[in-house]
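Each residue of the sequence shown is one higher than the last, beginning at 148 in this note's numbering. We put the beta carbon where it would ideally sit given N, CA and C, even for glycine. On a predicted model such as this, the values are computed, not experimentally measured, just so you know.
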Amino acid sequence: MRSQLRLVIALACLSSLFFAPLFERKVFRDGVEMTSDEAEAYDLKKADDALAAGHAEEALKLYEKFLADFPRSGRVPAALLGLGQSAYRLELYARSDKIFHDLIARYPRRPEAAGAAWGLALISVKDGRCDQATQHLKQYRGQAEGTLYDQMTLMLADCARKGSAPATALVYLGEEVRNGRDEELKKKARKLAEEVVRELPDEEIASLAREAGKEFPADLIILEQLKRDTASARFTEAAADADRFRAGYMSSPYLDEFRRCERLLERWLRVKPERIGVMLPLTGPAGPIGEQALKGIMLAAGILDPIKPSFLPELIVRDTGDESVPVEKIVEELAEEEVIAIIGPLHKRQAERAGLKAQELGVPLISLSPGEDVTSIGPLVYQNCLTRSEQAQAVAEYAVKKMGLKTFGIFFPVDDAGRDFADLFTRAVTERGASVVAVASYDPTKTDFRAAIKTLKDQRDRTKFQALFIPDAWTRIAQIAPCAVRAR
C-alpha cells in the first residue's frame, strides 16, 4: 500500500514538472505575450534602462511598480538597489538611505548589498561623515563586483586622506594599483598616490621609507626620499636611497625618474661649491646692462673688495648677447664646469629656455629676468628680480594713492617688455580707480622720436592727462625728454 502511495506522489510531481508550463499564467508586455518570469525580466530591464538614460523619476516609478507586482521575485534585491539609486539621483536622500538600509538588512550576502553600501557611503560623504562611509565600505567591499570594487577602494583612500591618515590612504591606493579591475581607475589611483606622497612631511616619508616593502607604493616612497635627501644636501643618505632603489625597484614605472635623480645626485657629488656660473648679455644692444649686472655680482661676491674675503667664489662668465649661441648650450657648458649654481640670464625668453635646461641637468638657476612665472619651470629655478607686474603695481600705487593722479598717458617701446608694461600699468591704475586716456608707441631701435611724440602730443591736447608713463631704460628716456619738451 505504501509503495503504491509513493508511486502516486512521484507521478504527481513529474506531472507538475511537465505540465506546469502549460498552466502558467500568460501576461502581455507591449502587445507581446510572455511568461511571468519573462515579464519580471522585461519590467526590471525597462526600469534599469530608464535609470541608465538619466530618467531617474521614470525609473523610480518603474521600480516601485516592479516591487508591487513581484514582491517574492528573486530579482527584488536588484529592484531595491535601482530604487535607492533613483531616489539618490533625485536628491531624495532620506528615502534612498532607508531603501539601502532595508536592502542590506534583508539581503546582506547578495552582491546588491555592496551597491547599497556604496550608496550609503555616498550619502555619508555628502554629509561630511567620512568615518561612517568608511564603515560601510569596509564591511561590503569584498562583495563588490566589477568596477564597484575599484570605486569603493578609491573612496576609502579619499576618506583616509580627508581624515589626516595619508599612510592609510596609500595602503588603499596601493591595493587599487595592484589589484584593481578598471585600468582607468588604477591610473587615477597611481596619480593620487603620487599627490599624497608629495604632500607628506619629511618625517612621515622617512618613516614610510624605513618600513617600505617591495610592492607599490614602496618604489614611489623610496624615490621621494631620494629626492628630498638630495635637495637637502644629505648626500650620504641620498646615496643609500639610490642603492635601495637599485636593489629592489628596477622594474618600477618610475625608473626614468630615478635615473634623472641618480644623475642629479652624481652631479651634486662632483660639484665645486666655489664655482658660480654667470650668464649675461655682455655684447649687443643689452651689453651695457649686462656689464652693470656683472659688476653688481662681482661686488656682492667680494671680488672688487680691496681686502679679499676668506672665501672668494670663482665666477665662470658666459656671454648671452650673441644669439647665434643657444642659451641651452651655455647652460650645458656651465654644468660641465661643475658650477654650484647659475646666475642669469636677463631676458625673459632666454631665462625660460635656460631654466628648462638647468632643471633638466639639476643645476640651480637664479634668473635676473623680470618675466612672470619663470619659477614655475621647476624647483631649481629661482628669481632675483621684481616681476613686471610687481613694478607696474608699485608705480601705479605711488602715482594714484600718494600723488593723487587720476589720468595717465603711456608712451612705450614696441617690444615685448614695452607691451607688457603698457598692459600691466593700464590694469594697475584701473584697479585703483584711475584711467589711461592716451597711448602711443615708438620704435626702440631708432633715435628719432619726433613722429611718435607728435602722436602723443595730439592726444595730450585732447585728453589733458596728468602724468606720462614710459617703461624704458633711463638712457632712452634721456633721449626722449628733450624731444618732448620741444614738442610742447
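Coarse secondary structure for Ile627, derived from DSSP in three states: Reduced to three states, the DSSP call for Ile627 is helix.
Where Pro168 falls, given that 16 or more other Cβ within 10 Å makes a residue buried: With a pLDDT of only 47 at Pro168, under the threshold of 50, the placement of this residue in the model should not be trusted; the figure read from the coordinates follows. Burial call: exposed.
Residue interval of the beta strand (DSSP E) (run including Leu527): For Leu527, no beta strand (DSSP E) segment is defined, and its DSSP state is neither H nor E.
Same chain, Cβ closer than 6 Å to Ala291, five either side skipped, listed in chain order: Within its own chain, the residues whose Cβ lies closer than 6 Å to the Cβ of Ala291, once the five positions on either side in sequence are excluded, are Ala261 and Met299, listed in chain order.
Nearest residue (CA-CA) to Asp595, options Cys306, Val179 and Ile624: Closest option to Asp595, Cα to Cα, is Ile624.
Those runs of the alpha helix (DSSP H) which lie wholly inside the region 305–343 and span at least 4 residues: Taken in chain order, the complete alpha helix (DSSP H) segments of 4 residues or longer contained in the region 305–343 are 313–326.
Cβ-based burial, Asp608 [other Cβ within 10 Å; buried from 16]: Under a 10 Å Cβ-count criterion, Asp608 is classified as exposed, with fewer than 16 other Cβ atoms of the shown protein chains found around its own Cβ.
Coarse secondary structure for Ile454, derived from DSSP in three states: In the structure shown, Ile454 sits in coil (DSSP, three-state: anything other than H, G, I, E or B).
Phe166, buried or exposed, once every other Cβ within 10 Å from all chains shown has been counted against 16: The predicted model places Phe166 with a pLDDT of 44, which falls under 50 and marks its position as unreliable; any figure quoted below should be read in that light. Taking a 10 Å sphere around the C-beta of Phe166, we find fewer than 16 other C-beta atoms and assign the residue as exposed.
Residue environment, Met426, which counts as buried when at least 16 other CB atoms sit within 10 Å: Residue burial is scored here from C-beta neighbours: Met426 has at least 16 other C-beta atoms within 10 angstroms and is therefore classed as buried.
Where Ser514 sits in the DSSP three-state scheme: Ser514: strand per DSSP, three-state reduction.
Buried or exposed (CB count within 10 angstroms, at least 16 for buried), Val472: By the neighbour-count rule (16 or more Cβ atoms within 10 Å), Val472 is not buried but exposed.
Member of Pro526, Glu499 and Leu191 whose CA lies at the smallest distance from the CA of Glu205: Nearest of Pro526, Glu499 and Leu191 to Glu205, Cα basis: Leu191.
Terminal residues of the alpha helix (DSSP H) in which Met445 lies: Secondary structure note for Met445: its alpha helix (DSSP H) is the uninterrupted segment Gly434 to Ala448.
Where Thr430 falls: helix, strand or coil (DSSP): Coil at Thr430, not helix or strand.
Sub-7 Å separation of Phe559 and Pro629 beta-carbons: A distance of 7 Å or more separates the beta carbons of Phe559 and Pro629.
Cβ distance (whole Å) where Leu641 is taken to contact Gly424 below 8 Å: Since the first residue of the chain shown is 148 and the last is 635, residue 641 is not available in this structure.
Limits of the unbroken beta strand (DSSP E) element including Ile463: It spans Glu461 to Asp466 - the beta strand (DSSP E) in which Ile463 sits, taken as one unbroken run.
Straight-line gap, Gly178 to Tyr235 (C-alpha atoms, nearest Å): Rounded to the nearest whole angstrom, the C-alpha separation of Gly178 and Tyr235 is 33 Å.
Opening and closing residue of the alpha helix (DSSP H) in which Glu409 lies: First-last of the alpha helix (DSSP H) with Glu409: Leu402 to Arg417.
CB of Lys504 within 7 Å of CB of Val521, strictly: The criterion of a C-beta distance shorter than 7 Å is not satisfied by Lys504 and Val521.
Segment contact flag, the region 527–540 with the region 565–575, C-beta cutoff 8 Å, min 3 pairs: Cβ pair count under 8 Å is three or more, so yes.
Secondary structure, beta strand (DSSP E): runs of 3+ residues fully inside the region 463–513: Within the region 463–513, the complete beta strand (DSSP E) runs of at least 3 residues are 488–490.
Meets three-Cβ-pair contact criterion under 8 Å: the region 490–509 and the region 527–534: Yes, they touch.
Residue range of the beta strand (DSSP E) that includes Thr554: Per DSSP, the continuous beta strand (DSSP E) segment holding Thr554 begins and ends at Thr554 to Pro560.
Boundaries of the beta strand (DSSP E) in which Ser399 is found, first to last residue: For Ser399, no beta strand (DSSP E) run applies, since DSSP gives it neither H nor E.
Buried versus exposed call for Asp278 [16 or more other C-beta atoms within 10 Å across all chains shown]: Exposed: under 16 other Cβ atoms inside 10 Å.
Where Phe596 falls: helix, strand or coil (DSSP): Reduced to three states, the DSSP call for Phe596 is coil.
8 Å contact criterion, which Cys223 and Leu209 should meet: CB distance rounded: The question names Cys, yet the displayed sequence has Val at residue 223. Not really, about 14 Å apart at Cβ, beyond 8 Å.
Segment contact, 8 Å Cβ cut-off, at least three pairs: the region 481–492 with the region 390–409: Segments in contact, no.
Pick from Asp244, Leu552 and Asp563 that is closest to Leu267, judged by C-alpha positions: Shortest Cα-Cα distance from Leu267 to any of Asp244, Leu552 and Asp563 involves Asp244.
Option nearest Lys611 by Cα separation, candidates Ala598, Val583 and Lys593: Nearest Cα to Lys611 within the set Ala598, Val583 and Lys593: Val583.
Leu239, enclosing alpha helix (DSSP H) - first and last residue: For Leu239, there is no enclosing alpha helix (DSSP H), as DSSP marks it with neither H nor E.
Distance between Ser220 and Asn326 (C-alpha atoms, nearest Å): Straight-line Cα distance between these residues: approximately 35 Å.
For Gly437 and Gly551, the rounded distance between their alpha carbons: In a straight line, the C-alpha of Gly551 is about 36 Å away from that of Gly437.
Cα-Cα separation, Pro517 to Gly565: A straight line joining the alpha-carbon of Pro517 with that of Gly565 spans about 12 Å.
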